[in-house]
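Input: a single structure, listed below in structure tokens.
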Ligand code: MG
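Residue numbers (our numbering): 6 to 317.
Listed below in structure tokens is the structure:
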């Protein structure tokens with residue numbers, strides 16, 4: 006789940022933690038008392054525990070991927086994810102997550118399901134998905150005290166050429182970020198690559214929501230924007246072993262501007278054109294970045310010969 010990007014001070018962390026998505030915390034950027042984030046690095050043993058939580062998340066999303074077809078509902082998908090979490094005795098992280106907006110209800114489901122123009126934090130419902138829809142499914146669990154968080158965007162039936170390109174650009178943005186982590190020293194270098202790649206494809210990076218550190222809680226320091234934000238310029242994130250991040254580019258076809266619906270959760274693009282969202286929990290290790298939210302173990306990502314930011 007993404008975090009609301011903060012514009013203010015560290016003292017607003019409880020407010021940030023009470024927001025499901027990565028909404029920027031009000032008040033970090035530009036505030037007078039902003040201090041560098043306190044990042045909890047994880048030991049190899051802790052990363053191994055997070056790997057097991059991440060594997061359960063990956064299994065749940067794999068089940069969702071297999072069922073994605075016209076006629077299926079996002080409520081059906083939530084039921085399947087809840088069943089996988091029960092099977093592994095994992096605690097859903099999203100269900101009951103408090104809203105950062107006073108008086109708004111907590112998040113009511115184990116997944117966020119965001120269809121078409123919805124960006125993040127959509128609430129699952131009983132409307133059958135239709136041919137050509139694109140639906141982002143985001144979920145997370147706590148297993149034995151450690152968290153995993155991941156998201157995929159799925160095409161229902163045959164997507165339009167534009168939606169197909171949107172999905173491939175967004176997944177490639179996540180992929181190039183993870184690969185770049187093996188050779189970049191600071192997150193700003195990675196964020197710049199992500200933003201430039203998305204723009205080179207004619208699309209827009211959503212800036213209001215960002216990735217996040219993750220560990221024993223879902224949302225930890227630091228905030229991980231998919232572009233070079235002011236706060237990132239001020240307090241860059243060193244990519245060192247033990248750093249674990251939920252990296253989650255959100256990409257829109259027409260605009261980066263978003264609004265939140267009256268349910269208090271669902272975020273949609275202001276132009277109501279489609280957006281997509283992919284997320285992995287990734288650990289920086291001495292052997293390079295490791296994706297924790299996959300079913301199978303894979304070698305640490307190796308740097309490509311070069312990262313091409315092209316127009317193809
Ligand atoms: Mg997240």
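For glycine and all other residues, C-beta sits at the position ideal for the given N, C-alpha and C.
(request) Apply the 10 Å Cβ neighbour rule to residue 196 and answer buried if 16 or more other Cβ atoms are within range, or exposed otherwise. (result) buried
Original post:
In the structure shown, what three-state DSSP assignment does residue 39 receive?
Top reply: coil
**Q.** ligand 1 heavy atom lying under 7 angstroms from the CB of residue 284
**A.** yes
Q | Beta carbon proximity, residue 207 to chain C, threshold 8 angstroms | A | No chain C appears in this structure, which consists of one protein chain only.
Item to check | Whether residue 149 touches residue 138 by CB criterion (8 angstroms) | outcome: no
Whose C-alpha, out of 47, 42, 8, 10, is nearest the C-alpha of residue 245? 47
### Query
Taking just the CA atoms, how far does residue 205 sit from residue 85?
37 angstroms
Legend entry - Start-end ranges of the alpha helix (DSSP H) lying completely within the region 221-266, minimum 4 residues: 235-239
Distance check for residue 193 and residue 242, CA to CA, integer angstroms please. 7 angstroms
Problem set entry | Contact check, residue 97 vs residue 87, beta carbons under 8 angstroms | yes
Discussion item. What would DSSP say about residue 284, mapped onto helix, strand or coil?
Written reply: strand
With a threshold of 7 angstroms (Cβ to nearest heavy atom), would residue 84 be considered close to ligand 1? no
Counting only the same chain and skipping the five closest in sequence on each side, list residues whose C-beta sits under 6 angstroms from that of residue 264. 275
Nearest-angstrom beta carbon gap, residue 140 and residue 79 [assumed within contact, 8 angstroms] | 7 angstroms
- request: Excluding the 5 residues preceding and the 5 following residue 59 in the sequence, name in chain order all residues of the same chain whose CB lies nearer than 6 angstroms to its CB.
  value: 153, 286, 297, 298
Run the proximity test for residue 127: is its beta-carbon closer than 7 angstroms to any non-hydrogen atom belonging to ligand 1?
no
Exercise. Residue 164 to residue 74, Cα distance in whole Å?
Worked result: 11 angstroms
Starting from residue 162, follow the alpha helix (DSSP H) in both directions and report where the run begins and ends. Careful: residue 162 lies outside any alpha helix (DSSP H) and carries neither H nor E.
Spatial distance of residue 282 from residue 200 (CA atoms): 14 angstroms
Could you tell me how far apart the beta carbons of residue 66 and residue 142 are, in whole angstroms, since I believe they sit closer than 8 angstroms? 6 angstroms
Inset, instruction - Identify whether residue 270 lies in helix, strand or coil by the three-state DSSP scheme. - result: coil
Next item on the list: Check whether the region 256-273 touches the region 233-240, counting contact only when three or more Cβ pairs, one atom from each stretch, lie closer than 8 angstroms.
Entry: no
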